Amino acid sequence: EQYSKLIDDIPQPNIGITMGCNVECPYLPCQYREDWGLDDPTEQSDEVFINTAQKIEEKVLDLKKRITEKSIPAS
81 EQYSKLIDDI PQPNIGITMG CNVECPYLPC QYREDWGLDD PTEQSDEVFI NTAQKIEEKV
141 LDLKKRITEK SIPAS
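Positions in the sequence shown are counted from 1; adding 80 to them yields our numbering.
Right under this line is the structure:
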């Protein structure tokens, strides 16, 4: 079942990714952390929103590759 959870209610992640977007994120202890420094597409054109979604997809695929290659700790 899907439901909202408090940060204290989830297991500690090994990898923490923040998007940037000029917002403060709550602190999550983790072994590895990245900030992707993305601009917030809120109230921007559809083109900007799509471009941001494509950047996220590229970064997720790159992260997956680096985890697979063990170039960042995943456990």
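Cβ coordinates follow ideal geometry from the N, Cα and C atoms, glycine included. Being a predicted model, the structure only gives us computed values, none of them experimental.
Going by beta carbons, Q82 and I95 fall outside the 9 Å limit.
For the 9 Å CB-CB criterion, I87 and L108 form a contact. Cα atoms of M99 and K135: separation of roughly 11 Å, rounded to the nearest angstrom. Going by beta carbons, C101 and D120 fall inside the 9 Å limit. Put simply, of K85, I130, R113, P106 the residue whose alpha carbon is nearest the alpha carbon of P153 is R113.
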